[in-house]
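A short write-up of the structure that comes next.
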Amino acid sequence: MGAVYDKLETCLKSLREKTQFQPEVAVILGSGLGDYADSITIEQTVNYTDIEGFPVSTVAGHKGRFVFGYVNQVPVVIMQGRVHYYEGYPMTDVVLPTRLMGMMGAKKLILTNAAGGVNYDFHPGDFMLITDHITTAVPSPLIGENIEKFGPRFPDMSQVYSLRMREIIEREADRLGIPLQEGVYAQLTGPAYETPAEIRMCRSWGADAVGMSTACEAMAARHMGMEVCGISCITNLAAGMSKQQLDHKEVQETADRVAVQFKKLVTAIVSNV
Ligand code: HPA
Numbered sequence: 426m427g428a429v430y431d432k433l434e435t436c437l438k439s440l441r442e443k444t445q446f447q448p449e450v451a452v453i454l455g456s457g458l459g460d461y462a463d464s465i466t467i468e469q470t471v472n473y474t475d476i477e478g479f480p481v482s483t484v485a486g487h488k489g490r491f492v493f494g495y496v497n498q499v500p501v502v503i504m505q506g507r508v509h510y511y512e513g514y515p516m517t518d519v520v521l522p523t524r525l526m527g528m529m530g531a532k533k534l535i536l537t538n539a540a541g542g543v544n545y546d547f548h549p550g551d552f553m554l555i556t557d558h559i560t561t562a563v564p565s566p567l568i569g570e571n572i573e574k575f576g577p578r579f580p581d582m583s584q585v586y587s588l589r590m591r592e593i594i595e596r597e598a599d600r601l602g603i604p605l606q607e608g609v610y611a612q613l614t615g616p617a618y619e620t621p622a623e624i625r626m627c628r629s630w631g632a633d634a635v636g637m638s639t640a641c642e643a644m645a646a647r648h649m650g651m652e653v654c655g656i657s658c659i660t661n662l663a664a665g666m667s668k669q670q671l672d673h674k675e676v677q678e679t680a681d682r683v684a685v686q687f688k689k690l691v692t693a694i695v696s697n698v
């Protein structure tokens, strides 16, 4: 089926030699949100470096491992640290872990990220339910030989973020008293933060938040038939929207500040989707 699929099979075989865990739900934790994995009932962890062929993340603050365990009896696999396009990997490697979790049996994917707020109504510390995305600024992870086993050459993307899951998330956020914004996430390559002109472009395209991940993973997951939802933590106003310069420290600090609410929300999502 081609080199991309062969690599996935190599990784799956290597991972299966370490664990037989069968996840129902997969979770990818964004920048500064990785601590969540430490709060679940952990069954087993596998470091990315121990998986043959696996692309290994290099960003400070990103732990590189799969955490297998239970959230209120729901078997989950959590990626504590993701792979980013800006690290230099081809897009097929960036989405390899997502596909791998799908191949392990996860039917549902919960994506999280730290993002810059593009919508003027957003404030640092807000959570945004992702309703749709824009990936036009990054290469598609589906470019290249199609993996027929996963899905069609020309997959539909008219509802990447499951309406069913979105309704559950809105209900759970409401129950927990956690305010939830909603909107469109635009993925750009990074690693530089955007320019003010790029942010104006994103806004005119219809984006509410901007970041360097997630949309490619959502696309790969939808291609293979996983049900997908996503939450952005708005860690800062995007470039040009405040007098402040952007830096990773601010992103981390905001993510830390809302970590307790974030954990509650993710736990409620995993338990109810
Ligand atoms: N831009 C891109 N990615 C980000 C940002 C941003 O402003 N904040 C957190 N991740």
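Sequential numbering of the sequence shown, starting at 426, is according to our numbering.
From the three backbone atoms N, C-alpha and C, an ideal C-beta is built for every residue, glycine too.
Keep in mind the model is a prediction, meaning the values are calculated, not measured.
Comparing the CB of Asn661 with every heavy atom of the ligand HPA, is any distance shorter than 6 Å? In the sequence shown, counting from the first residue as 1, residue 661 sits at position 236. For the ligand HPA, at least one heavy atom lies less than 6 Å from the Cβ of Asn661.
Residue range of the alpha helix (DSSP H) that Gly527 falls in? The residue labelled residue 527 in the question sits at position 102 within the sequence shown. Its alpha helix (DSSP H) spans residues Leu521 to Met528.
Is the Cβ-Cβ distance between Val635 and Ala611 less than 7 Å? Locating residue 635 in the sequence shown gives position 210, counting from the first residue. Locating residue 611 in the sequence shown gives position 186, counting from the first residue. Contact flag set, yes.
Exposed unless 16 or more other CB atoms sit within 10 angstroms - verdict on Met651: The count along the sequence shown starts at 1 and reaches residue 651 at position 226. The residue is buried, with at least 16 neighbouring Cβ atoms inside 10 Å.
Kindly list the residues whose CB is nearer than 8 Å to the CB of Val471, restricted to its own chain and excluding five residues on each side of it in sequence; keep chain order. If you number the sequence shown from 1, residue 471 lands on position 46. The answer, listed in chain order, is Leu440, Lys443, Thr444, Arg490, Phe491 and Phe493.
Could you tell me which of Ser464, Ala428 and Ile453 sits nearest to Lys688, measuring between CA atoms? Locating residue 688 in the sequence shown gives position 263, where the first residue counts as 1. For the residues Ser464, Ala428 and Ile453, the minimum Cα distance to Lys688 belongs to Ser464.
Nearest candidate by alpha-carbon position, reference Met666, set Arg628, Ala680 and Asn697: If you number the sequence shown from 1, residue 666 lands on position 241. Residue Arg628 is the option with its Cα nearest to Met666.
Residue of Gly427, Ala428 and Val450 minimising C-alpha distance to Gly655: By 1-based counting over the sequence shown, the position of residue 655 is 230. The residue from Gly427, Ala428 and Val450 with its alpha-carbon nearest to that of Gly655 is Val450.
Per DSSP, which one or two residues make a beta bridge with Ala634? Along the sequence shown, read from residue 1 onward, the residue named residue 634 stands at position 209. For Ala634, which the question treats as bridged, DSSP gives the partners Gly542 and Tyr610.
CB-CB under 8 Å to Ile467, same chain, minus the five flanking residues each way: which ones, in chain order? What you label residue 467 is simply residue 42 of the sequence shown in a count that begins at 1. Shown here for Ile467: same chain residues with a beta carbon closer than 8 Å to its own, the five before and five after excluded, namely Val492, Phe493 and Gly494 in chain order.
Straight-line gap, Gln669 to Thr537 (C-alpha atoms, nearest Å): The residue labelled residue 669 in the question sits at position 244 within the sequence shown. The residue labelled residue 537 in the question sits at position 112 within the sequence shown. A direct Cα-to-Cα measurement between Gln669 and Thr537 gives close to 24 Å.
Drop a sphere of 10 angstroms on the beta-carbon of Pro448, count the other beta-carbons inside from all chains shown, and report buried for 16 or more, exposed for fewer. As a position in the sequence shown, residue 448 is number 23, starting the count at 1. Residue burial annotation: Pro448 is buried, with at least 16 other C-beta atoms found within 10 angstroms of its C-beta.
For Tyr430 and Leu454, the rounded distance between their alpha carbons: As a first step, residue 454 must be located in the sequence shown, where it is residue number 29. As a first step, residue 430 must be located in the sequence shown, where it is residue number 5. Whole-angstrom Cα-Cα distance: 24 Å.
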